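Undergrad: Numbering (the numbering used here), first residue to last: 1100 to 1577.
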Amino acid sequence: MKVKFQTFPRLPKLRSRYKRWLKMAIAIVLVSLSAIACNLRSTPTVSSVSNQPTSELPTLQVWWDKGFNQDEDEALNRIIKNWEAQSGVKVQLFLQTPDDLLSKAQRAIQAGTPPDVLYSDLGSGTLFPRFAWEGKLLDLSDIIEPQKALYPQSVLDAVHLYNNVEKKRSYYAIPIQQSSIHIFYWRDLLQQAGITTIPEDWQGFWQVWETAKTQLRNTQNLDIEALGLTLSVGSADTNFLFEQMLEAFDVELLDAQGQVLANDPKLRQNLANLLTWYAQHYRQGAIAPDAIEWLSPDNNIHLLNRTVLMTPNATLSIPGSQRQNREIYLNQLGTVDFPKKPSGEPMRHLTSVRQVIVFKNARQSELAKDFLRYISQPETLAEFLKQSGGRYFPVLSPVWKDPFWQDRADPHISAVTKTLLEKPTRTFYTAINPAYSQVQEDYVWGKALHRVIVEGVSPEQAAAEAIARIQEIFAQWQ
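#1: Run through the stretch 1412 to 1443 for me and flag every whole beta strand (DSSP E) of 3 or more residues, listed as ranges in chain order.
#2: Here's the rule: buried if 16 or more other CB atoms are within 10 angstroms of the residue's CB, otherwise exposed. What is E1324?
#3: Buried or exposed: K1312, going by 16 or more other Cβ atoms within 10 Å of its Cβ?
#4: Mind checking who V1455 pairs with in its DSSP beta bridge?
#5: Restricting to Cα atoms, I'd like to know which of Q1252, L1289, P1228 is closest to R1268.
#6: Determine, using beta carbons only, whether A1174 and F1527 come nearer to each other than 9 angstroms.
#7: Are three or more beta carbon pairs between the stretch 1520 to 1535 and the stretch 1208 to 1222 nearer than 8 angstroms?
#8: Have a look at S1487 and S1557 and give me their C-alpha separation to the nearest angstrom.
#9: Pick out the complete beta strand (DSSP E) segments inside the stretch 1274 to 1312, 3 residues or longer, and give them in chain order.
#10: DSSP state of W1162, grouped into three classes?
#11: With DSSP run on the structure shown, which of helix, strand or coil describes K1189?
#12: Residues bridged to L1326 by DSSP?
#13: What are the boundary residues of the alpha helix (DSSP H) that includes L1402?
#14: Is it buried or exposed, S1202, if we count other Cβ atoms within 10 angstroms and call 16 or more buried?
#15: Does the distance from the CB of N1404 to the CB of I1417 come in under 9 angstroms?
#16: From the DSSP output, in three-state form, read off T1375 for me.
#17: Evaluate the contact criterion for the stretch 1448 to 1461 versus the stretch 1270 to 1286: three or more CB pairs, one atom per stretch, below 8 angstroms.
#18: Thinking C-alpha only, which one of Y1261, G1234, I1386, K1180 is nearest N1607?
#19: Helix, strand or coil for Y1542? Go by DSSP, reduced to three states.
#20: Hey, how far is the Cα of D1541 from the Cα of T1318?
#21: From G1333, L1326, A1413, pick the residue whose C-alpha is nearest to that of R1382; which is it?
#22: Would you report the Cα separation of G1293 and W1308, rounded to the nearest angstrom?
#23: Would you decide whether Q1195 is buried or exposed? Buried here means 16 or more other CB atoms lie within 10 Å of its CB.
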């Protein structure tokens, strides 16, 4: 997640700009590790990892997201150095922030000079399915097939993409790591409010944060909000949370063939119910008032600044930023799963599988495949994920056996491990129809929220508009 501080024009009834500036200043102190991570990610890094003379070696160009922290970059460099020593190939590594990496990659593709290997968190759920659809990716089935039995089906589904040029599905990406959205909260503040148990039912779960907020304001004069739910247009956090909420409200958008269930009245009603739920919680003051302005780092900042009691996030970046402060990491911060659905049924959890691809016209496509064979081995991925600090989780079954992922003394890693191993999961709709990647790119759900919360249209109208836009997108992909 890219971390940067940014201010926006204030909406009516929101807090003063001066108060926001003051909180941001305090946040800089409290989230120093996040700030350090931001600095590390702010500029691209191009490095030739090998120390051997460049003229004597073939060169593999690898483009990769710059890590959220230095551990992630160092873990990648170790893998590359080990592969260089084994293969005799030199790697030129280009590290860049996620947004900038994708834009540079698209320009390189248009110029006919793509990198040999590309890893992108954001691209995995947006551009990669499109690249596969357009026939731009190398088929990597010969890497997946020998160890196919080691991958959960949900992981395989995420990389089994459709090629519209060749009219077939195949494995056009290699899964590296995965994550699932969870709730991060201040355990010590709940205790101060007299709350020791978080309910698992839908109504009770969301009410407990409002109860705690009221208690903390009344007894301790704390200036704190209950829910840190990102609502803005243009934030990946808005997308991810809304997708999980679609699952909670039983909004089934696509059929088994990947077509929009546009004429299903249950779809429209459930989507309107979800938009109503968001709007009611915002208007009643349960959600932080400036959440309609937040970009991707802002929910992290507000939680760590203790201006909200809880916030959802798709990775362990929040507790990871506090890992060196053991008191905060182990005793003050908490991680909890989503509650049961409003219907009372168990929640099915969305997983985001982060992937690496090779372009069909890559200069060193065979060397790229050799590199991916190496990095996708269980022992290699196991070390990479552990050395990266545990922000993401394994995609290979044998890796889960490592005590690192089973340590119950770690309240954050153990919570996510339990979700991914013991509870029902599914991938995003892009695994069924790559056209859905454009729904994410166009921020259809953030715009629907804006229509209801800011512009005041009815949830039914906003739901109809969103479905119509999705139909339009899908028609363009025929």
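Every residue gets a Cβ at the ideal spot worked out from N, C-alpha and C, and that includes glycine. Nothing here was measured: the structure is a model prediction, and the numbers come from that model.
TA: On the basis of the data shown:
#1: 1432 to 1435
#2: Classification of E1324: buried, given that the 10 Å Cβ count is 16 or more.
#3: Residue environment: K1312 is assigned as buried (16 or more neighbouring CB atoms within 10 Å of its CB, all protein chains considered).
#4: Y1218, I1273
#5: P1228
#6: Note that the C-beta distance between A1174 and F1527 is not below 9 angstroms.
#7: With a cut-off of 8 angstroms, the stretch 1208 to 1222 and the stretch 1520 to 1535 do not count as touching, because too few Cβ pairs lie within range.
#8: 45 angstroms
#9: Correct list: 1281 to 1285.
#10: strand
#11: strand
#12: I1386, M1409
#13: Run containing L1402: 1397 to 1403, per the alpha helix (DSSP H) assignment.
#14: exposed
#15: no
#16: helix
#17: yes
#18: Because the chain in this structure spans residues 1100 to 1577, residue 1607 falls outside the shown range and cannot be described.
#19: coil
#20: C-alpha of D1541 to C-alpha of T1318: approximately 44 angstroms in a straight line.
#21: L1326
#22: Using only the alpha carbons, I get a separation of about 12 angstroms.
#23: buried
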